[in-house]
Every structure is written in structure tokens, then in C-alpha cells.
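Worksheet: the structure to be examined is printed underneath.
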Amino acid sequence: MRWSAERAIVAGFTTALLLLVIVGILSYRNTKKMREATDFVQHTRGILDDTRELVSQMKDIETAGRGFAIVGDRQFLRPFVAAEPRVQVILARLNAEIQDPLNRQLLSELTPVVQKKIEATRSLIARRESGMLPAELVDDLQVGRDLMDHIRETAGRMEMREFQLLQERALQADESERQVAYILQVGSISAVLFLSLALFVIFRDLRERNRIEAALRNAEHRFRALIQGSSDIVLMLAPTGEMLFVSPAVERILGYRSQDVQGKNVFSYIHPDDQHLAQDAFRNTLTVPGFAVPLQLRLRGPDSSYRWVEILANNLMSDPGLKAVVINARDVTERLELERLKDEFVSVVSHELRTPLTSIRGALGLLASGKIGDFPDKAQRMLEIAVNNSDRLVRLINDILDLERMESGRVSMHKRAVAIGDVMLQAADLMRAMAEKSNVRLDVHPVELELHADPDRMMQTFSNLLSNAIKFSPEGGTVRFTGEVKPNSVIVAVQDEGRGIPAEKLQSIFERFQQVDVSDSREKGGTGLGLAIVRMIVEQHGGKIWAESVLGQGSTFLVELPLATGESSAEAAS
Amino acid sequence: MHDRKILIIDDEDDIREVAAMSLETVSGWSTLQARSGEEGILLAEQGRPDAIVLDVMMPDVDGSATLQALRSNPATADIPVIFLTAKVQGSDRKKFAELGAYAVLSKPFDPLTLGDQIAEALGWK
């Protein structure tokens, strides 16, 4: 288990506290023991002193008795008189002080002997006083000496016993002192160890935390810089639409300070006409985690003017650190304005170009038709060339306009359920005349399938591909027009037996105004934009288009369309 | 085809002339020409054409305004009108149709089939 600094500190302090308490208790007990020891020593000393004193007093009594017995001088009786009460006092004291059972027993042995001795001495004195001679008192004296020996011996044993007790006590004291010392040593060492460990853990943890903090600060600084440096507005939205975070770019783009809008609901800033779209998109985003919806809408600034922004939303509700929908809003007002201007320009230019072309096309067409008069062959030929090229110019302008509008998203596909096979047949019908004129056979194998697609655009796509195939087919050749159903898509293929396309050009032919080689479809009246337009249409249906070819044998153009085409929200709104 | 009289209203002289040439020589119809909406309305009242081919983009009174004027004028209200325009897109087409024109023809037109296109749009033949 990894210990954190907090744990280590708590453990360290608790242990230190515990140790202090233990030391306190041990000190207290030690002090008490020492006091007890001192008391005991005093106690023992007292007993020893008393015991010796007792013996000394008894000796005095002995000496007094014997002295009087022999000499008869009353002077010898003084010590006896003095000693006797002292002895009683000592005996009483000893009786009160001695705790040791052995010594108590010895005392109880000693006491009667002492009393007996005193009595004996008293009796001896009395007999001497009564006139008896020392020679007659020899037995008494002997008895007295025996008693004294007994007293001395018993007292001696008592002393020894006390010494023994003292020694035992001393040993005990030593032992407990050693124990205490041992405990304190062990305690101190463990305390030091533990605290060292705690310190180690604390420092390691603190170092780790510092490192993490530094890394966090760095990361935060970096990301803050990123967000602040981002020219797009970064928003974090709660499921209610409340703006949990608004990046500073909002000031530059809309004119609000982030703190002024943070906490408010984003929908209150969206243009009323865009509300519905925005609500739908937001709902979608909330349902599907990570689902990004590119969307354009208007946001209101503080002066009530609007700016167009392009929104990318990412549902990060499941991320515990964020729990929000993160929005990236790019100011596209200028871009849209530019696109609008470009649209307008292209529109206007197309219109302007078409106007004189109308007259040219009209006049040349009438001339070439012969309805206004006949022309010599050469003149007729020139007129045909003029007509063909003014036709080509018309088609070119149409294609440019078409392509530009599709690219800018101005043209929405009008998708609905379409029987693709029918469209294939219609396209083939449209191209039949051209095929016959070029002596090319059309081999059509339509596929029975319904797709969600724009029928006119599908028609345009197939016609275009067929037209190319026919143009590049040799006389007597066949163009195969087939459809194949796959698990998730359908593949429509147009195959010709023309001279083929080199491998390095298979991609570039779909770009504008690309030539495969010198003699290409442009020669045959193409605009150079057909495949670019077709690719745009296919991509707008969520599909793919590509070409395969073997030089000298022919080429196949394949269009893959998904069976379930997803709609972009822009289309869903239109 | 019967002899038809078509009024062509377009501010571009050349286009008028080519259109008129086409309708006359290819379809064998007769034509009237007006270079503006106002002139067109006058000619429509006087000439009582069978149909009016009307350019959309004209200065001053444009195609839509002219059409409205024609419709609200009892003398011209029932003359069918076909728009002629260089601006043709799917959405535009719809818009013009909503305005009350019978059809929208695009510029440039095919001079050899202009008359047929008009006839088809108006259900003649």
C-alpha cells in the first residue's frame, strides 16, 4: 500500500506521542520504584539498626546483671534500668516494622527469649540482692549466657535475612532498571527508525507531489495558452446549454468578455432562425458520445449584430474530468461573405457571359442550319465549327457554375428514394443517339435497387460517364454499363474498350481541366470539368468514384454508393 | 403549326433579333419585339400576341414586375408568359414558376428548337 505524506505524518506523530506516553509511564514507574527502593533501604537499615541496638542493649543488660551478680554494686544496675525500657521500645518497633514473614517468625522467636533474658536478669538481680553469693548464682549466669547466645544468634539471623532481602531488592531494581533501559533503547531506536521511515515517505511523497504539481502547472499553462491562443472560441456546455467555460476568443470574435457570458445559456445567443437547428444538433450530440456535428449558425454580439460561426461539437460527458460537451466555434462570417461574394460573382459572370453567348449561339445556329440561306461547303464547315464551339462554351459555363455551386454547398442534393436501375436505363436512352452516331454498342445491365439519392444528379453522373466512354470507344466497340449490389453499397460501372488511361493519371483525371493526353475528350467537345462534377456529386452522396484501366485495352469507371446514406445536418435543415 | 404571334421582351437587342429570327425562320411564326417591360406591356395590349417570351433580368422594371403588371392588366392577363433567363438553377426555376409563368427557358437557347420548346410548354401543336 502506497503511503501518502498525510498518513506518514499521522503515523509518525501518533507513534511519537505513544512513545512519549510510554516513556512518561516508564519514568513515573521508575521514579516510584526508586522511591520504594530508597524507602526499603531505609526501612531495612532501620531494622538492622534496631536489631543491633537490641543486641547491644541486651548486652548491656547482660553485663549489668553479671556485674551486679559478681560485685554487688548497685552502680552496675544503671545500664539495666536504662536498657530495659529501650529494649521494649525496640521490640515494639521491630514488630511494627518487620514485614518479611521469615523475619517475623524470627522475631516471634526472639521476643520471648528477650523477655526471658530480662526476666532472668531481673531474677538474678533479685537473688543477689537477697544475699546470695556469686558462687551460688553460677547456674543463673550460665542460663543468662545461653539466652544471650540465643539472642545474638537469632538477631544475627535476622540481620542476615535483612541483608538478603536488600540484595534481592537490589537485584530486582537492577533487573527492572535494565528492562526499562532496554525498552527505552528499543523504543528509541524504533522511534528513530519509524520517524526516519515516515520522513522518507513524506519527502518522497512531497517530491512526487511537487513533480505532479509542476507537471500540472505546465500542462495547464500550455493548454491555457493553446486555448487562449486559439482563434476559435472553445466552449464547454452542460446538458442544459449552460456555458461552463468560454475561452477568451469570445471577446475578439463576438465582443463579450468570457466572464460576462460564462454561466449563461448558449441558446440565448443563437439567432432565432437557427434555434431549431441548433437544438436538434445539440440533442443529437448528447445522445451519441463523441459525435461531431459540423454546423453553421449565427451568434449575437453585445450590439445585437450577428456573426456566423461554424460549430464542431464533441460529446465528452463520459469523461469524468470534463462532463461536458466541448464546442469549437470558428468565426466564418468573412469566409461565408467571401463565398457569397464568389457565388454572386460566378452567378453574375455566368449570366453576363451567357448573354452575348445567346446571341452568338442563336445566330450561328440559324446560319448553320441552312434556314436562312445556303453556304458554300467551306463556309458551311466553318459555321459548324463555330456552332460546336459556342455549344462547348455554353457547356463550359454551365459546368463551371455547377461545380462552383456544389463546392460551396449552395446546391443541396434533392435526395429521395430512387430506383437506380431506372436512372441507369434513362441515362442509357439519353446516350443512345450519340452511341449510334459513333457506332458504339451500349450494353446495359441495370441493378434493381432503391437508393436515397438525387435522381437528376444521378442522371447527370451516369450520362457523363457514358458520354466519356462512348467518346473513347473505337468504332464497333462496346460500352458495358452495369450495376452490382454489395453488402453495404452498390457499385455502378461504365467500361469502355478505348485506349485506356496510364496508371499515374488515374487519380488526376478527376481534377479540373486535366488532360489524359493530347487527344482527349476535350478534343471531342468535353469541358474538362465533367469528371470533377461527377466526383463532387458522388461524394455528396457519401460515395466513392475511381477508375481502373489497362493501357490499350480499355478503362472502367466505378461509382460506389452506400446503401444507407447519412444526411448532414445542413441538408436536414434545408 | 398554326401561325402564332409571339411578343419578345428583352433589353438585349441582339438576343431579341436572334430569337425573332429563329421563331420566324424555323417555326414560321410572327414576332413583336419590346426592349423594356413598359414597352412590352403596351405592345401586349395593342398587339394581343399568343404568347410572351419575357427576359427576367432587365433594368428598371424587371421580369417579375412586368409579369405582375401583365397579370393585373385585364387586357393582358390571359396571355401566357414564358420566362427566359441566363440564371437557371433548380431552385430558381421553382421560384419563377411560383410567380405565375408557364415555363422557364434558359439562355443560351437552341435557335433550332426555341419554337418547339415554347409550343411544348404551352401545350400547342
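Respectively, the protein sequence lines represent chains F and C.
So the number in my numbering is just where the residue sits in the first sequence, counting from 1, plus 55.
So the number in my numbering is just where the residue sits in the second sequence, counting from 1, plus 1.
Think of the CB as a built atom: it goes at the ideal place given N, C-alpha and C, for glycine as much as any other residue.
- Task: For T537/F, collect the residues of the same chain with a Cβ closer than 6 Å to its Cβ; drop the 5 residues on either side in sequence, then sort them by chain order.
- Result: Excluding residues within five positions, the ones whose Cβ falls inside 6 Å are H500 and A548.
- Rounded to the nearest angstrom, how far is the Cβ of N158/F from that of R216/F, given a contact under 8 Å? Approximately 5 Å separates the beta-carbon atoms of N158/F and R216/F; this is inside 8 Å, confirming the contact.
- Residue(s) in a DSSP beta bridge with F300/F: In DSSP, F300/F forms a bridge with M291/F.
- Task: Would you tell me roughly how many angstroms separate the C-alpha atoms of E46/C and Q118/C, rounded to the nearest one?
- Result: Spanning the two alpha carbons is a distance of roughly 24 Å.
- Task: Hey, could you find the ends of the alpha helix (DSSP H) L81/F is sitting in?
- Result: Segment A60 to V126, the alpha helix (DSSP H) holding L81/F.
- Message: Quick check: the Cα distance between D335/F and M486/F, rounded to an integer number of angstroms?
- Response: So the alpha carbons of these two residues sit roughly 44 Å apart.
- Task: Thinking V57/C and D51/C are a contact (beta carbons under 8 Å), I'd like their distance in whole angstroms, please.
- Result: In this structure, V57/C and D51/C do not form a Cβ contact; the two beta carbons are roughly 21 Å apart against a cut-off of 8 Å.
- What is the DSSP secondary structure of E121/C, counted as helix, strand or coil? Reduced to three states, the DSSP call for E121/C is helix.
- Check whether the Cβ atoms of G356/F and L309/F sit closer than 7 Å, and answer yes or no. At a Cβ-Cβ threshold of 7 Å, G356/F and L309/F count as neighbours.
- Message: Pull the bridge partners of Y361/F from the DSSP assignment, please.
- Response: Listed as beta-bridge partners of Y361/F by DSSP are R355/F.
- Message: When you compare the CB positions of P112/C and S31/C, do they come within less than 7 Å of one another, or not?
- Response: Result no, Cβ atoms of P112/C and S31/C do not sit closer than 7 Å.
- Between L106/C, S65/C, T26/C and V27/C, which lies nearest to G41/C when the distance is taken from Cα to Cα? Taking only the C-alpha atoms, the option nearest G41/C is S65/C.
- Item | Proximal residues of chain F, C-beta to C-beta of L1/C below 7 Å | With chain C running from 2 to 126 in the structure shown, residue 1/C is simply not present.
- Query: Do F135/F and A119/F come within 7 Å of each other at the CB atom, strictly closer than that value?
  - Reply: At a Cβ-Cβ threshold of 7 Å, A119/F and F135/F count as neighbours.
- When the Cα atoms are used, what is the spatial distance from P411/F to P431/F? Near 27 Å, if we compare the C-alpha coordinates of P431/F and P411/F.
- For a contact meaning CB atoms closer than 9 Å, what does V19/C contact in chain F? Per Cβ cutoff of 9 Å: T413, S414, I415, R416, G417, A418, G420 and L421.
- Using a Cβ cut-off of 7 Å, pull out every chain C residue sitting near V473/F, in sequence order please. Simply none; closest approach about 16 Å.
- Please confirm if H406/F has its CB atom under 7 Å from at least one CB of chain C. By this cut-off, H406/F is an interface position.
- Query: With a CB to CB cut of under 6 Å and the five nearest residues on each side skipped, what residues in its chain are close to I645/F?
  - Reply: Residue 645/F lies beyond the range of chain F shown here (56 to 629); nothing can be said about it.
- When we look at the beta-carbon of L419/F and count the other beta-carbons within 10 Å, is it buried (16 or more) or exposed? By the 10 Å Cβ count, L419/F comes out buried.
- Task: Give a yes or no on whether 7 Å exceeds the smallest Cβ distance from E615/F to chain C.
- Result: Chain C contact via Cβ: absent.
- Message: Between which residues of its own chain and D328/F is the CB-CB distance below 8 Å, once the five residues before and five after are set aside?
- Response: In its chain, beyond the 5 residues on either side, R353 have a beta carbon closer than 8 Å to the beta carbon of D328/F.
- Classify F322/F as helix, strand or coil using the three-state DSSP reduction. Helix, per DSSP.
- Task: To the nearest angstrom, report how far apart Q330/F and V321/F are at their CA atoms.
- Result: Rounded to whole angstroms, Q330/F to V321/F spans 10 Å at the Cα level.
- Could you tell me whether the Cβ of I588/F comes closer than 7 Å to any Cβ of chain C? Closer than 7 Å: no.
- Per DSSP, the bridge partner or partners of S544/F: The partner list for S544/F (beta bridge, DSSP) reads P617/F.
- Task: Give a yes or no on contact between the stretch 512-532 of chain F and the stretch 473-481 of chain F, applying the rule of three or more CB pairs nearer than 8 Å.
- Result: Yes, they touch.
- With a floor of 4 residues, list each alpha helix (DSSP H) that falls wholly inside the stretch 429-462 of chain F, ordered by position along the chain. If only complete runs of 4 or more residues are kept, the stretch 429-462 of chain F shows the alpha helix (DSSP H) at 432-462, in order along the chain.
- Message: Please report the distance separating the alpha-carbon of R471/F from that of E539/F.
- Response: In a straight line, the C-alpha of R471/F is about 21 Å away from that of E539/F.
- Message: Which residues of the stretch 6-33 of chain C have a Cβ closer than 7 Å to any Cβ of chain F? Give them in chain order.
- Response: For the stretch 6-33 of chain C, which is checked against every Cβ of chain F, the residues closer than 7 Å are E13, D15, I16, V19, A20, M22, S23, T26 and V27.
- Item | Three-state secondary structure assigned by DSSP to V494/F | The question names Val, but residue 494/F in the sequence shown is Asn. DSSP places N494/F in the coil class of the three-state scheme, outside both helix and strand.
- So which residues on chain C does V449/F lean against when the C-beta distance must stay under 7 Å? Those within 7 Å of V449/F in chain C are P109.
- Task: Name the residue from A379/F, A602/F and N383/F whose alpha carbon lies nearest to the alpha carbon of G296/F.
- Result: For G296/F, the closest alpha carbon among the candidates A379/F, A602/F and N383/F is that of A379/F.
- Query: Which residues in chain C sit within 8 Å of T409/F, going by Cβ to Cβ distance?
  - Reply: The sequence shown places Arg at residue 409/F, not Thr. Neighbours of R409/F in chain C, taken as residues whose beta carbon is under 8 Å from its own, are A87, K108 and P109 in chain order.
- Task: For S178/F, name the three-state secondary structure that DSSP assigns.
- Result: If DSSP states are grouped into helix, strand and coil, S178/F belongs with the helices.
- Item | Where R535/F sits in the DSSP three-state scheme | Here DSSP, grouped into helix, strand and coil, assigns R535/F to strand.
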